[in-house]
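Novice: Below is one structure. I have some questions about it.
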Amino acid sequence: VKQLFQGDTSVGSASVVGLVVLVWGALKIFRGLDTAFSEIYETATANTFVDRLRDGAVVLVALVVAVVATVGVTAAFALLTEQGPFLGLLTPVVLVAGLVVAFVPMYYVFPDADVGVRDALPGAVFAAAGWAAFQSLFQMYLSFNDPSAGSLFGSVIVVVTYLYFSALVLLLGAVINAAAGDHSSGRPGGVGRDAADEVAKRRGSLDREELGAYLRGLDEQLTGRHEVALHGDGRRRPRPAGEVDFVEYAGDGGQRWTVELSWTPAEEATDDPVEGALPRRRVR
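Every number in our numbering is 41 more than the matching position in the sequence shown, counting from 1.
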């Protein structure tokens, strides 16, 4: 990075503009990571200002440590390689280990879900290996390109692009953790601007007796054996126009099960309190 900015150091105003652009790009990445983790983990937990401040501080410190580890370890082992050629073989191992330590706090704090340190390790290892690979490619670029030959603006674009693809590696690590921990089911929905327009109609817990009454009422409504089908809260669910699709999900090593029913209603419920609901209904 130091070599990239050696070209136009005499232009003070350009340096300020380049720094502003770099900080702006980094802040966009931080804000996008928060939203992306919620999308990946399919959570919509409302964070307070203190929570956002804490998460942002953790991410900032983790990324700073990652960058310092990337530059520092590479520079140190480059000097030690002159004294012993075999020390150069340890550079990638030490680099990945340092990045794992830097990334684990981010994968532990950022998700709005119950995750442990062990759950954060697979994504952290993947992201660390990806960052080490990108660092090698970045060094290869510097070896074949003279940073002083280009403008400061071009150098900033290179750095921001490097940070952008590094952030994609971080997101892939989050996807690995979410899939390994059964936090991402792949069902439509989620949060953010790409979330499906689905609204939770009812949520709660039932004991065995209440569950039996709920299932009997659901059976009456879906099979249409009664003229009027009402469930516990007195609202009518729409009967299916055709077949009812079902999906069973198993999580926590088979300790938790989710059953999802979905159908296209023959007619909308007249007392539906939610406007603009999708024509296909789900019951979980």
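Every residue gets a Cβ at the ideal spot worked out from N, C-alpha and C, and that includes glycine.
Since this is a predicted model, take the numbers as computed values, not measurements.
Hey, out of Q176, V150, S56, whose CA is closest to V114's CA?
Specialist: Nearest of Q176, V150, S56 to V114, Cα basis: Q176.
Novice: With a floor of 3 residues, list each beta strand (DSSP E) that falls wholly inside the stretch 133-185, ordered by position along the chain.
Specialist: none
Novice: For G222, count the other beta carbons within 10 Å of its own beta carbon; 16 or more makes it buried, fewer makes it exposed. Which is it?
Specialist: buried
Novice: Can you name, in chain order, every residue of its own chain whose Cβ lies under 7 angstroms from the Cβ of S207, other than the five neighbours on each side?
Specialist: W172, F175
Novice: With DSSP collapsed to three states, give me the class of R297.
Specialist: strand
Novice: Y205: buried (16+ other C-beta within 10 angstroms of its C-beta) or exposed?
Specialist: exposed
Novice: Alpha carbon to alpha carbon, how far is A220 from V197? Give it in angstroms, no decimals.
Specialist: 35 angstroms
Novice: Under a Cβ-count criterion, where at least 16 other Cβ atoms within 10 Å of its own Cβ denotes burial, should V100 be classed as buried or exposed?
Specialist: buried
Novice: How would you call A98, buried or exposed, if buried means at least 16 neighbouring beta carbons within 10 angstroms?
Specialist: exposed
Novice: Assuming contact is defined by CB atoms lying nearer than 9 angstroms, are P281 and A215 in contact in what I supplied?
Specialist: No, the pair does not count as a contact, with Cβ atoms beyond the cut-off.
Novice: Note the first and the last residue of the continuous alpha helix (DSSP H) segment covering E261.
Specialist: 249-264
Novice: Check whether the Cβ atoms of N218 and D260 lie closer than 9 angstroms to each other.
Specialist: It is not a contact, given that the beta carbons lie outside the stated cut-off.
Novice: Applying the 10 Å Cβ sphere with the 16-neighbour rule, what's the burial state of Q296?
Specialist: exposed
Novice: Distance, Cα to Cα, V288 vs V150?
Specialist: 31 angstroms
Novice: Run through the DSSP bridge pairs and tell me what V288 is partnered with.
Specialist: E301
Novice: Taking C-alpha atoms, which residue in E80, V200, A168 lies nearest to G59?
Specialist: V200
Novice: Spell out the partners DSSP gives A279 in its beta bridges.
Specialist: A small correction: the amino acid at residue 279 is Pro; Ala does not occupy that position in the sequence shown. Answer by DSSP bridge pairing: none, since P279 is not bridged.
Novice: Sorted by chain position, which residues of the same chain lie with C-beta nearer than 8 angstroms to V210's C-beta, five sequence neighbours on each side aside?
Specialist: F167, A168, G171, W172, F175
Novice: Cα separation between L252 and Y82?
Specialist: As the crow flies, the alpha-carbon of L252 is around 28 angstroms from that of Y82.
Novice: Take A117 and list the residues in its own chain whose beta-carbon comes closer than 6 angstroms to its own, dropping the five residues that flank it on each side.
Specialist: Closer than 6 angstroms at the Cβ level, and outside the excluded window around A117, lies no residue.
Novice: Tell me whether the beta-carbon of L120 lies closer than 9 angstroms to the beta-carbon of L212.
Specialist: No, Cβ-Cβ distance for L120 and L212 is not below 9 angstroms.
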